[in-house]
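Student: If you use the numbering used here, the sequence shown closes out at 1395, no skipped numbers anywhere. One structure is given below, represented as structure tokens, and several questions about it will come after.
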Amino acid sequence: MIAGKKILITGATGQVARPVAEALAKDNEVWCLGRFGDSGAERELRDLGIRTWRWDMAELTKEGLDGLPDDFTHVMHSAAHRGDGTDFDASVEINSVSAGRLMTHCHRAEAFLFVSSGAVYAPRSQEHLVREDDPLGGRMPWLPTYPVGKLAAEGAVRAFGATLGLPTIIARLNVAYGPHAHGGMPILLFRRMLAGEPVEVPLQGQNWCSPIHTDDIVRQVPLLWNATTVPARVVNWAGDDTVGIQDMLTYMAELTGAEPRFSPSEVYRATSAFDNTLRASLIGGCEVGWREGLRATLRAHFPHLVKESGDAVQH
């Protein structure tokens, strides 16, 4: 961890950035930017000594940052405009312009971390471990504007990092999960199983991912700041385990007594497993294995379903 720094975090009411903000606030001055539609979340952050600032990415004028200090030492830009699935131009403009505004405002920072997504990669075979130099052009049928917005923001971050001389790293996040917010994609799919809904899976084989627990995310953010460069460096950010989505859901079903239900389909929530060679060389490995991480996450979200021993509660 780091101490005595002045840190700016966007998207801090979300599943990924909130635990980072809370952990760093113990030894640093932390500011969180966001719309704060949930006043309760803002109040909880303030109770921890975190300062909040209302900022809407969709308001593209620079006045949105007027009055905000500009002497931050470290920045984590995690907020994203996901889009409505149809307006691609708005997704490109909002994500790229807001990133440029933020970087310009914080141009004196020691390090800038932009949280991107593995959704930016073009589809590959299910078994392929995706590298940073693999082709881009991600497609998400359920939210097609999301990867487009992330790619647009990556372009802006690269341009402003180089132009401003701001040490920057772009971390393409895999499947993040943990006790905060909605719990991440594994918990969202598990909720569908609990409701009796089958989860779509490939017609053949499995859909693979490299899940990363928020405990590892919290620990690795300062390490990623230490790995920033000019021009910006791109790195895959994922857990060390390669896990099939069906295996993951089957394991959670075993822990809770739920019935795993799958529906082979040509359309499913595709993910990819990552090649973590570069990340490991820069900041080392992860500490939370996927089984222990999912067990702890299930206990946090469904304490009535999982015993402390990990055995399923009998219904």
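C-beta atoms are modelled at their ideal positions from N, C-alpha and C, and glycine is treated no differently. Computed from a predicted model, the values in this text were never measured in an experiment.
With H, G and I counted as helix, E and B as strand and the rest as coil, what does DSSP make of I1130?
Tutor: Correct three-state label for I1130: coil.
Student: Please classify V1195 as buried or exposed, where buried requires at least 16 neighbouring CB atoms within 10 angstroms.
Tutor: V1195 comes out buried.
Student: Can you have a look at A1275 and say buried or exposed, based on whether 16 or more other CB atoms are within 10 angstroms of its CB?
Tutor: Label assigned to A1275: exposed.
Student: Quick check on G1229: does DSSP put it in helix, strand or coil?
Tutor: If DSSP states are grouped into helix, strand and coil, G1229 belongs with the helices.
Student: Tell me whether the beta-carbon of K1230 lies closer than 9 Å to the beta-carbon of V1200.
Tutor: Their beta carbons are under 9 Å apart, which means K1230 touches V1200 by this criterion.
Student: Can you say whether A1318 is buried or exposed, counting buried as having 16 or more other CB atoms within 10 angstroms of its CB?
Tutor: The residue is buried, with at least 16 neighbouring Cβ atoms inside 10 Å.
Student: Taking DSSP as the reference, what is the three-state secondary structure of G1163?
Tutor: Correct three-state label for G1163: coil.
Student: Taking the beta carbon of V1347 as the centre, do at least 16 other beta carbons fall within 10 Å, making it buried, or is it exposed?
Tutor: Burial call: exposed.
Student: Which residue or residues does DSSP assign as beta-bridge partners of Y1201?
Tutor: Answer is L1216.
Student: Among G1364, N1108 and A1233, which has the Cα closest to the Cα of A1160?
Tutor: The shortest C-alpha separation from A1160 is found at A1233.
Student: Pull up the DSSP beta-bridge partners for C1112, would you.
Tutor: In DSSP, C1112 forms a bridge with I1089 and T1132.
Student: Exposed or buried, what is R1252 when buried is set at 16 or more other beta-carbons lying within 10 Å of its beta-carbon?
Tutor: Under this definition R1252 is a buried residue.
Student: Within a Cβ cutoff of 6 Å, which residues of the same chain sit near T1308, ignoring the five residues on either side of it in sequence?
Tutor: Contacts found: A1191, P1247, T1248 and I1249.
Student: Return helix, strand or coil for H1154, following the three-state DSSP convention.
Tutor: Note: H1154 maps to strand in three-state DSSP.
Student: To the nearest angstrom, report how far apart D1065 and D1214 are at their CA atoms.
Tutor: Residue 1065 lies beyond the range of the chain shown here (1081 to 1395); nothing can be said about it.
Student: Sort D1167, G1235 and A1338 by Cα distance to I1267 and report the nearest one.
Tutor: Considering only alpha carbons, the answer is A1338.
Student: Considering only DSSP beta bridges, list what C1289 is partnered with.
Tutor: DSSP, once it has assigned bridges, lists V1323 as partnering C1289.
Student: May I have the straight-line CA-CA distance separating G1114 from L1088, to the nearest angstrom?
Tutor: Computed Cα separation, rounded: 11 Å.
Student: Taking one C-beta from the segment 1168 to 1184 and one from the segment 1134 to 1142 each time, how about it: are there three or more such pairs within less than 8 Å?
Tutor: Touching, yes.
Student: For the candidate residues L1335, P1278, G1218 and P1302, whose alpha-carbon lies nearest to that of T1153?
Tutor: Checking every option, the nearest Cα to that of T1153 belongs to P1302.
Student: In the structure shown, what three-state DSSP assignment does R1238 receive?
Tutor: Helix, per DSSP.
Student: Just the Cα atoms here: how many angstroms apart are P1203 and P1099?
Tutor: Each residue's alpha carbon lies about 31 Å from the other.
Student: Give the DSSP bridge partners of R1272, in chain order.
Tutor: According to DSSP, R1272 bridges with nothing at all.
Student: Identify the residues that DSSP records as bridge partners of R1194: which are they?
Tutor: Just to set this straight, residue 1194 is Phe in the shown sequence, not Arg. In DSSP, F1194 forms a bridge with H1157 and I1250.
Student: Output the boundary residues of the alpha helix (DSSP H) element that contains S1080.
Tutor: Summary: the structure shown does not reach residue 1080, with the chain confined to residues 1081 through 1395, and so no result is reported for it.
Student: Note down, one range per segment and in chain order, each alpha helix (DSSP H) of at least 4 residues found wholly within the segment 1352 to 1390.
Tutor: Runs of the alpha helix (DSSP H) inside the segment 1352 to 1390: 1357 to 1363 and 1370 to 1381.
Student: I think L1223 touches G1165, with their Cβ atoms under 8 Å apart; what is that distance to the nearest whole Å?
Tutor: L1223 to G1165, Cβ: 5 Å. Contact.
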